[in-house]
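Structure first, commentary second.
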Amino acid sequence: AGFALAVALPSKRVMSWVAVVVILLAFLFVPIFSHLTREKVEPDYSETGQVVFDASWSTGDLSLAHHGLEDNCEACHVAPFEAVKDETCLTCHQDLAEHAPMDLQNTGRATFSIGEDFQWMVAAGFGKEGPGGCVSCHVEHEGAVRMEPPVQAFCADCHDGMDTRLTDTDLGNAADFGEDHPQFRPTVWTKPGNITPTRVMLDGKAQEFSGLLFPHDIHLDPQGGVARMAASLGASQGYGEALVCEDCHTPTRDETAFEPISMEENCEACHSLVYDRVGPIFRTLQHGSVEQMLADLRASDRKSHQPVVTGRNRPGEFGSDGLYFQNFGAPNRSFVAINRAMSSDGVCGACHIPAATGDMPGVTPVNLPDRFMLHAFFDHDAHKQEECSTCHEAEASDTSRDLLMPPIAICRDCHLGEEAREADVPSTCAMCHTYHQKDGVPADHPQLAPQQVAAISRKPG
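The opening residue of the sequence shown carries number 5 in the working numbering; numbering runs sequentially from there.
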């Protein structure tokens, strides 16, 4: 019995208290002390943090987006025992905008239940910001995964019946794409002189005003003159037997949208800007500048011309100067060329609408939106199995005033709400909408304080 282990060691009670002290010292006091006494630096992905044993508090791996911060807890957890603040997130995500101004979010949000109110009251005790805070949606330590898109109910909590809470909003209520979603409203210019574009409802025959004269039906007619022109240019110029949509509408690199229309790239193969020839050299107008066009056409009158009547001398004291030429007086030929260029079948007037500015000829400004749906996202690459005519009735459009965007009924042929069993593609709100609009940080967003929070540079490469 004298050599029993119980005799050589302290009592179980003492060892238990020693173990408690060691655990508290290693996993509580040491991390807190090192956190409070650490040097305030700007940690990045390539360096570890300075707080000792802080990883022992982690409840799981970070997401794929933040995996580089696994050994740098203080990059996000600035104050001990407090939830991560929005201003800390914004030290990296400074260009990420809010969904809407914060006061509108608070007013438009649906009323909480008693249980939800209690939960948020408890969370506030640990420094967690309200339901509009970053961490209310972006939950970390759930494993090395990508963030799942929000379910339909997440959006419907605010957008279903929102007009009863935000009485001055122009947004329609939305809860389910198949059953409760407003008609699409693309943003376009609607008439000459508009400084800003307008949202237009796609009910009936919606119209826009681009400032161009472009009938799609003539250009897409497989039996028309444009088709013959395309065939004559041939495959060497990138054309087939007729003009097709992709001859002018070039997808972006990610194939989700289209490059802006360019006269030089998309039109000039057929619509030549050549206005004069000097020997073997063709003189071409510079597209995009009316002033340059006027200067070029006026300058074209300065070259020598043939006499009107061979051998006819100028009368009087000028007779000894030689033959009478048409351009010995004011350069009238240039005005003829300018008028011809601006006529309905001229090099400018065939596509542009003339609009004089004072005494100077000019054209109506061209407004071709890069995006029509400013509050939604559409992936053309995901729909490449469809013909363009499935959604855009370009072949039947004889005027550029037609707004060739599909109404919501076209989309509902395939897409319905998240729970729709009969839909080809059950669709959540996040399939087309993003929570953070890329318009910059709103003016009402909390001010950043880089000297008080960790500033993290982006991972190289």
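Note that beta-carbon positions come from the ideal geometry of N, C-alpha and C, so glycine has one too.
- Secondary structure at Asp90: helix, using DSSP grouped into helix, strand and coil.
- Cβ-Cβ distances below 6 Å link Thr288 to Leu277 and Val278 in the same chain, with the five nearest sequence neighbours on each side left out; the list follows chain order.
- Judged by their CB atoms, His419 and Met409 are not nearer to each other than the 9 Å cut-off.
- In terms of CA proximity to Ala210, Pro190 leads the group His220, Ile199, Asn198 and Pro190.
- When secondary structure is reduced to three states using DSSP, Pro255 falls in the strand class.
- For Phe158, the closest C-alpha among the options Glu422, His220, Glu426 and Ala427 is that of Glu422.
- Non-local beta-carbon contacts of His379 in its own chain, meaning distances under 8 Å to residues more than five positions away in sequence, involve His437 and Gln441 in chain order.
- At a Cβ-Cβ threshold of 9 Å, Leu301 and Ala239 do not count as neighbours.
- Look at Val149 here: in three-state DSSP terms it is coil, with no helix or strand label.
- If only uninterrupted alpha helix (DSSP H) runs of at least 4 residues are considered, those enclosed by the region 17 to 101 are 34 to 41 and 90 to 93.
- Exposed is the label assigned to Ile27, since fewer than 16 other Cβ atoms lie within 10 Å of its Cβ.
- Contact check for Phe213 and Thr194: beta-carbon distance about 6 Å, within the 8 Å limit, so the pair qualifies.
- The Cβ atoms of Thr254 and Glu268 do not sit closer than 9 Å to each other.
- The way I'd put it, the region 89 to 101 does touch the region 132 to 142; three or more beta-carbon pairs between them come closer than 8 Å.
- For Val282, the enclosing beta strand (DSSP E) stretches over residues Val278 to Val282.
- Exclusion of the five residues before and after Gln296 leaves Gln290 as the residues of its chain whose Cβ lies within less than 6 Å of its Cβ.
- Per DSSP, reduced to three states, the secondary structure at Arg287 is strand.
- Between the region 104 to 119 and the region 54 to 71, the count of C-beta pairs closer than 8 Å stays below three; the two stretches do not touch.
- Taking a C-beta distance under 9 Å as the contact criterion, Ala23 and Phe57 do not qualify as a contact pair.
- In the three-state reduction of the DSSP assignment, Asp180 falls in the strand class, which pools E and B.
- With a 10 Å radius around the Cβ and a threshold of 16 neighbouring Cβ atoms, Gln156 comes out buried.
- Residue pairing by DSSP puts Pro358 in a beta bridge opposite Val367.
- Taking 9 Å as the cut-off, the Cβ atoms of Asp221 and Ser401 count as close.
- Its Cα nearest to that of Ala354, the residue Phe218 stands out among Ala413, Phe218, Ala160 and Glu74.
- By the C-beta density criterion, Glu102 is buried, having at least 16 other C-beta atoms within 10 angstroms.
- Its chain contains no residue whose beta carbon lies nearer than 7 Å to that of Phe33 once the 5 sequence neighbours on both sides are disregarded.
- One Cα belongs to Gly242, the other to Gly182, and the distance between them is close to 41 Å.
- Per DSSP, the unbroken alpha helix (DSSP H) holding Gly229 starts and ends at Gly229 to Leu237.
- The Cβ neighbour count for Ile357, taken over all protein chains shown within 10 Å, is at least 16; the residue is labelled buried.
- Here Gln109 carries a helix assignment [DSSP, helix/strand/coil].
- In this structure, Asn76 lies away from Gly112, with their beta-carbon atoms at least 9 Å apart.
- In the three-state reduction of the DSSP assignment, Val155 falls in the coil class.
- In the structure shown, the three-state DSSP call for Asp406 is strand.
- Taking all protein chains in view, the Cβ of Asp180 is crowded by 16 or more other Cβ atoms within 10 Å, so the residue is classified as buried.
- Judged by DSSP in its simplified three-state form, His419 adopts strand.
- DSSP, reduced to helix, strand and coil, places Leu301 within a helical segment of the structure shown.
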